[in-house]
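Shown next, in structure tokens, is the structure this report addresses.
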Amino acid sequence: MKNHYQLLIIGGGPAGLAAATIAAKDGISCAVLDEQPTLGGQIYRAIESIPEQRAKKLGSEYRRGKNIAEAFRLSDAEYYPNTKVWSLNNQREVGILQNDKASILSADQVIVASGAMERPVPFPGWTLPGVMQAGAGQILYKSAGIVPDNGVVLAGSGPLLLLLAWQYLHAGVEVKALLDVTPLSNHIGALPKFPRALLAHHYLTKGIGYQIALKRAGIPMLFGVSDLRADGDGVCQSVGFKHSGKQKTIESELLLTHFGVIPHIWLTQSAGCKHQWDDSQQCWRPEHDEWGNTDISGILVAGDGAGINGARSAEHAGRLAGLEALFALGVINQSERDNRGVKERKWVRGERHIRPFLEKYYQIPKKLLATDIDETIICRCEEIAAGEIRQAVRDGHDNTNQVKFFTRCGMGPCQGRQCSNAVAHLVADESGKSVKEMGHFRGRPPVAPLTLEQLATLKQEVAE
Amino acid sequence: MFKQLSEGQADNVEIILNGQSVLVSRGISVAAAALSHQQRFTRTTPVSDSKRAPFCMMGVCYDCLMVIDGKANQQACATYVQQGMRVDNQQGVGPAMENG
Ligand code: FES
Numbered sequence: 001m002k003n004h005y006q007l008l009i010i011g012g013g014p015a016g017l018a019a020a021t022i023a024a025k026d027g028i029s030c031a032v033l034d035e036q037p038t039l040g041g042q043i044y045r046a047i048e049s050i051p052e053q054r055a056k057k058l059g060s061e062y063r064r065g066k067n068i069a070e071a072f073r074l075s076d077a078e079y080y081p082n083t084k085v086w087s088l089n090n091q092r093e094v095g096i097l098q099n100d101k102a103s104i105l106s107a108d109q110v111i112v113a114s115g116a117m118e119r120p121v122p123f124p125g126w127t128l129p130g131v132m133q134a135g136a137g138q139i140l141y142k143s144a145g146i147v148p149d150n151g152v153v154l155a156g157s158g159p160l161l162l163l164l165a166w167q168y169l170h171a172g173v174e175v176k177a178l179l180d181v182t183p184l185s186n187h188i189g190a191l192p193k194f195p196r197a198l199l200a201h202h203y204l205t206k207g208i209g210y211q212i213a214l215k216r217a218g219i220p221m222l223f224g225v226s227d228l229r230a231d232g233d234g235v236c237q238s239v240g241f242k243h244s245g246k247q248k249t250i251e252s253e254l255l256l257t258h259f260g261v262i263p264h265i266w267l268t269q270s271a272g273c274k275h276q277w278d279d280s281q282q283c284w285r286p287e288h289d290e291w292g293n294t295d296i297s298g299i300l301v302a303g304d305g306a307g308i309n310g311a312r313s314a315e316h317a318g319r320l321a322g323l324e325a326l327f328a329l330g331v332i333n334q335s336e337r338d339n340r341g342v343k344e345r346k347w348v349r350g351e352r353h354i355r356p357f358l359e360k361y362y363q364i365p366k367k368l369l370a371t372d373i374d375e376t377i378i379c380r381c382e383e384i385a386a387g388e389i390r391q392a393v394r395d396g397h398d399n400t401n402q403v404k405f406f407t408r409c410g411m412g413p414c415q416g417r418q419c420s421n422a423v424a425h426l427v428a429d430e431s432g433k434s435v436k437e438m439g440h441f442r443g444r445p446p447v448a449p450l451t452l453e454q455l456a457t458l459k460q461e462v463a464e
Numbered sequence: 001m002f003k004q005l006s007e008g009q010a011d012n013v014e015i016i017l018n019g020q021s022v023l024v025s026r027g028i029s030v031a032a033a034a035l036s037h038q039q040r041f042t043r044t045t046p047v048s049d050s051k052r053a054p055f056c057m058m059g060v061c062y063d064c065l066m067v068i069d070g071k072a073n074q075q076a077c078a079t080y081v082q083q084g085m086r087v088d089n090q091q092g093v094g095p096a097m098e099n100g
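Chains D and C, in that order, give the protein sequences.
To convert, note that position 335 of the first sequence is 335 in the working numbering; the numbers rise steadily by one, no gaps.
To convert, note that position 67 of the second sequence is 67 in the working numbering; the numbers rise steadily by one, no gaps.
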């Protein structure tokens, strides 16, 4: 591993791999840093090592990842798995951790392809063992062939929930129920966006296909569910909710939830890139142009980390960022960049067609984003409840960062990744302001907790 | 809560999970191993001593902290099983729990 690269790419998912593949072809020094032990990102996790039988059950969208991985392996890009990036600054210095050893690399161009994470949405009982995110269920299945053995309830909103139910069905898992929390008003609200969505009808047909299969298999699918909660003595034993005006309970030791995904912005934040609140996607994302340029020169973003557009779009956005990096490095000129980018830009725009519809259809209701149940734990690490946050606002702390310092919310090991959005929504709700005005928790390095021993390895290196 | 699907040839390693020797598939995360071996929880919280288990499986929530080979606060979803590895539930900020 060198100390300096012309191009460093953070993240080994579809965007990062596609960016590296296109950029390394032109002979520049380029390395991909990835936290995971295997390439593919979360979406194509374990794509190179997965047994064929399991890959088949996961469906054709998953298997697309094989081509991306193969193309990347044929390129000259260096690849560093098990490499955690803990800082990025506006000088394009990248702090990494490998085998408990910290070091700092630099680059002329950095592409952040950090992907997405599940949107954390606090509800009563969400900290109980046995309540997990749907993405966790998918990771267990993809990377380890591990599935629920005693049935599962799936709840939330978004296409992934449907896909996971379908994947579990094929793996012989008992899906006790699928609880959709999107209010029925969403469906009406999404209607005007439907004609454009038809331009990307393959997504619609897929979704409908899953629904039909689940229905045929007799899996109860309930829509317009509200008041979701998990209950149990120390661990999850049942799932409670309201449906058509009635209170219901399903006994289950496992509840997997999904409330859409949001960009992983901790690195671009700590680098100081400008971020904006995206009302339609209900999340913060870094500002960027069509090529992935942020407002900091030499720092680009691609894939879901730049805004949620899905795996296919990530691949094309990755190539655009790769081309832009080559242009910035003087390897190709502007017209070559433009020519090679024509098809990719068209793809990216094409992939956008389905999004406004999906975003409206699966929009998370405000009541879930800013819970009115005071006992609900918001900060999983410090165990701060919604009521304490609302009280802090009433006491005059009316922005997220003030509330953070006052309540310690977001100061545990996850550094606010699980609670920062919920805190912003709660503070906005209680103070009558918009989430946009709230701002996000300030991101500071290290974005992942380092132990003193790990930091010491860095000091040694600098001293040598 | 979870089970390992049998998919042809098993390639296992042995780990000591809360004092019990168990066979788990090579290459899986410690969190995956614990969840597929009847561990309903993997730690208790420092603040209220409540039980917790892995939540995100992708390195963001830090709810999967366990004691691995004697070292506390290891992210079990981002640590991979090795032959002979010792894995224990974590109590609060540090020590392994007695009897799991
Ligand atoms: S399960 Fe969330 S960090 Fe490990």
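Backbone N, C-alpha and C define an ideal beta-carbon position, used for all residues, glycine too.
Owing to the predicted nature of the structure, the values given are computational and were not obtained by experimental measurement.
- Looking at the DSSP output, D/Leu255 bridges to D/Val131 and D/Val153.
- At a cut-off of 8 Å between beta-carbon atoms, C/Gln4 makes contact with chain D.
- Around the beta carbon of D/Thr400, a 10 Å sphere encloses 16 or more other beta carbons of the protein chains shown; the residue is thus reported as buried.
- With fewer than three CB-CB distances shorter than 8 Å, the stretch 238-245 of chain D does not count as touching the stretch 265-277 of chain D.
- For D/Gly189, the closest alpha carbon among the candidates D/Lys206, D/Pro365 and D/Glu315 is that of D/Pro365.
- Its Cα nearest to that of D/His288, the residue D/Glu324 stands out among D/Thr371, D/Ser75, D/Val261 and D/Glu324.
- Taking a Cβ-Cβ cut-off of 7 Å, the neighbours of D/Cys414 in chain C comprise Val60, Cys61 and Tyr62, given in sequence order.
- In this structure, the C-beta of C/Pro54 approaches the ligand FES to less than 7 Å from one of its heavy atoms.
- In the three-state DSSP reduction, D/Pro286 falls in the strand class (E or B).
- Boundaries for D/Asp26: no beta strand (DSSP E) harbours it, and the DSSP string shows neither H nor E there.
- Under DSSP, D/Glu61 takes part in no beta bridge, so it has no partner.
- One alpha carbon belongs to D/Ala15, the other to D/Ile22, and they sit about 11 Å apart.
- In chain order, Ala18, Ile22 and Glu344 place their CB closer than 6 Å to the CB of D/Arg319, counting only its own chain and leaving out the 5 sequence neighbours on each side.
- When rounded, the separation of the alpha-carbon atoms in D/Asn90 and D/Leu267 is 11 Å.
- DSSP assignment within the stretch 315-395 of chain D yields the following whole beta strand (DSSP E) runs of 3 residues or more, N-terminal first: 377-379.
- Secondary structure of D/Met117 (DSSP, three-state): strand.
- Contact annotation: in the stretch 46-58 of chain C, residues whose CB is within less than 8 Å of a CB in chain D are Val47, Ser48, Ser50, Lys51, Arg52, Ala53, Pro54, Phe55, Cys56, Met57 and Met58.
- At a cut-off of 8 Å between beta carbons, C/Leu35 contacts chain D.
- Excluding sequence positions up to five before and after C/Gln74, its CB lies within less than 8 Å of the CB of Val30, Leu65, Met66, Val67 and Ile68, all in the same chain and listed in chain order.
- Across the stretch 138-168 of chain D, CB contacts with chain C closer than 8 Å involve Ile139, Leu140, Ser143, Ala144, Gly145, Ile146, Val147, Pro148, Asp149 and Asn150, in sequence order along the chain.
- Counting along the chain, the unbroken alpha helix (DSSP H) around D/Val403 starts and ends at Thr400 to Thr407.
- Scanning chain C for C-beta atoms nearer than 8 Å to the C-beta of D/Glu383 yields Thr45, Val47, Ser48 and Ser50, reported in chain order.
- For the stretch 27-56 of chain D, the set of residues with a beta-carbon nearer than 8 Å to any beta-carbon of chain C comprises Glu35, Pro37, Gln42, Ser49, Pro51, Gln53 and Arg54, in chain order.
- Taking CB atoms only, D/Arg352 has no neighbour in chain C less than 8 Å away.
- Think of a sphere of 8 Å around the beta carbon of D/Val121: no beta carbon from chain C falls inside it, the nearest being about 12 Å out.
- Set against 7 Å, the gap from the CB of C/Cys64 to the closest heavy atom of the ligand FES is smaller.
- Excluding five sequence positions before and after D/Leu214, the CB atoms of its chain that fall closer than 8 Å to its own CB belong to Leu162, Ala165, Trp166, Leu169, Val175, Leu178 and Met221, given in chain order.
- Near chain C, meaning a CB-to-CB distance below 8 Å, the residues of the stretch 248-260 of chain D are Glu253 and Leu254.
- Nearest to D/Ala116 by alpha-carbon distance, out of D/Gly137, D/Tyr203 and D/Gln42, is D/Gln42.
- Within chain D, Pro51, Gln53, Arg54 and Gly145 have C-beta atoms less than 9 Å from the C-beta of C/Glu7, given in sequence order.
- Positions of the beta strand (DSSP E) runs, each at least 3 residues long and wholly inside the stretch 20-51 of chain C, are given as 20-25 in order along the chain.
- Residue contact with chain D for C/Met66: absent (no Cβ-Cβ distance below 8 Å to any residue of chain D).
- With respect to the 8 Å criterion, C/Arg43 and D/Thr127 are not classified as neighbours on the basis of their beta carbons.
- Using beta-carbon distances, D/Pro263 does not count as an interface residue toward chain C, since no partner is under 8 Å.
- Counting only the Cα atoms, D/Asn421 lies some 12 Å from D/Arg442.
- Of the residues assessed, C/Met57 falls on the buried side of the cut-off, its CB having 16 or more other CB atoms within 10 angstroms.
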